[in-house]
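**Student:** If you scroll down you'll find the structure; I have some questions about it.
In this note's numbering, the protein residues as written are 52 to 216.
What follows is the structure, given as structure tokens:
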């Protein structure tokens, strides 16, 4: 009878063992699927973070370039409000035997309509056949020599807006 009891016990416990084994097998399969899904989500998140960081770098560069351009434009607009007013005339002085011609150049610096300096006056002796405009440019104190154009170039460079009278 003990043989029969053990056979009956085996037949009664066999479905329990099969159910336990099936549940363990389905648990491991579902765990593997979950791991795959989690790794895919992490991959997507990593890609999105990479895109976000590259977009952030691009935006930072754009903001820096825009700030630089805005600053440069503001400075250019500020400098454009400066101008030089100049006037020149010739003066002749006669002594006993010699007649001298001189050019008098007067300049002053303006910011918009506000004079920033008094008239600065230069007197230069004119030689026969001398060019008054070249002499005026050569002696100007408000117009730097490098900005006046020419300088060995084929075409004279245009006068900057800052220097126009």
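Positions of the beta carbon are idealized from the N, C-alpha and C atoms, including for glycine. Because the structure is a prediction, the values reported are computed rather than measured.
So for residue 100, helix, strand or coil by DSSP?
**Tutor:** helix
**Student:** Which stretch, first to last residue, makes up the beta strand (DSSP E) that contains residue 150?
**Tutor:** 150-162
**Student:** Which term fits residue 63, buried or exposed, when burial requires 16 or more other beta carbons within 10 angstroms of its beta carbon?
**Tutor:** exposed
**Student:** Mapping the DSSP letters down to three states, classify residue 144 as helix, strand or coil.
**Tutor:** strand
**Student:** Looking at the structure shown, is residue 193 part of a helix, part of a strand, or coil, going by DSSP?
**Tutor:** coil
**Student:** What would DSSP say about residue 135, mapped onto helix, strand or coil?
**Tutor:** strand
**Student:** Can you tell me the Cα-Cα spacing of residue 189 and residue 175, whole angstroms?
**Tutor:** 11 Å
**Student:** With which residues is residue 171 paired in a DSSP beta bridge?
**Tutor:** 158
**Student:** Looking at the strands, I want to know which residues DSSP matches up with residue 176.
**Tutor:** 153
**Student:** Return yes when the Cβ of residue 153 is within less than 8 Å of the Cβ of residue 146, no when it is not.
**Tutor:** no
**Student:** Could you say if the stretch 154-167 and the stretch 128-144 meet the contact criterion of at least three C-beta pairs nearer than 8 Å?
**Tutor:** yes
**Student:** Tell me the DSSP secondary structure of residue 61 in three-state form.
**Tutor:** In the structure shown, residue 61 sits in a helix (DSSP, three-state: H, G or I).
**Student:** For residue 166, write down the residues that DSSP places opposite it in a beta bridge.
**Tutor:** 161
**Student:** Keeping to the same chain, check which residues put their C-beta closer than 7 Å to that of residue 86; ignore five residues upstream and five downstream.
**Tutor:** none
**Student:** Buried or exposed for residue 156, please, with buried defined as at least 16 other CB atoms from any protein chain shown within 10 angstroms of its CB.
**Tutor:** buried
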